[in-house]
Structure formats: structure tokens, C-alpha cells
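In mature numbering (1 follows the signal peptide of the UniProt record, and there is no 0), the protein residues as written are -22 to -1, 1 to 67.
Heads up, the beta-carbon is just placed ideally off N, CA and C, and yes, glycines get one too.
Encoded as C-alpha cells, the structure appears first; notes follow it.
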């Protein structure tokens, strides 16, 4: 029984460590990020296609539409379309 537990720990522990390696946990506040100089949000308006999103490999086709209500309020609407359309038989 103990040998199974030890073997399980020896196998599972390295896997967990490998999965958690990219994560950085630290106390405190988020870092301050400088805004881009001379950024014109009006040039950013319209439809954008998401080329890559971490963890979305093989996912839907994703588009984002940036709009404004004209009163200094901006909205990002995300549209997802399946890569494969139709019925599989």
C-alpha cells in the first residue's frame, strides 16, 4: 500500500510542479504600466480578428468589435464563430 502511495507521489509531484512553473505568485499590487504615448483610440475602433489567445488553440474564430457611444464610453464586443460549421455524421 505504501509503495503505491510513494509511486503516486513520485509521478504526480513532478507533473504538478511542471504545470505550476509558469505561475508567479507574489504579494502586493499589480505593476504600474505606462500608457502608450499619443494613443488614439479612434484609430483602434472597428473589427479586429484575434490571431492568438493563450489557451485557445483549436478554438473558435474570435473577432472583437470596438465601438463608442459618442460620450467617451467605449465597448468591446467579442464574437465567436465555430471553426467547423455543419453537422457531422
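Alpha carbon to alpha carbon, how far is residue 42 from residue 29?
11 Å
Our contact map puts residue 32 next to residue 59 with C-beta atoms below 8 Å; I'd like the distance itself, whole angstroms only.
Between residue 59 and residue 32 the Cβ distance is about 20 Å, and since that is not below 8 Å, they are no contact.
Return the bridge partner residues of residue 43 from the DSSP annotation.
25, 55
Return yes when at least one heavy atom of the ligand FMN lies under 7 Å from the C-beta of residue 6, else no.
With respect to the ligand FMN, the structure shown offers nothing to examine, as it has no ligands at all.
Nearest CA to the CA of residue 50: which residue from 23, 27, 56, 61?
23
What does a CB cutoff of less than 6 Å around residue 57 pick up in its chain, not counting 5 residues either side in sequence?
41
Does DSSP put residue 104 in a helix, in a strand, or in coil?
For the chain, the structure presents residues -22 to 67; residue 104 sits outside this window and is missing.
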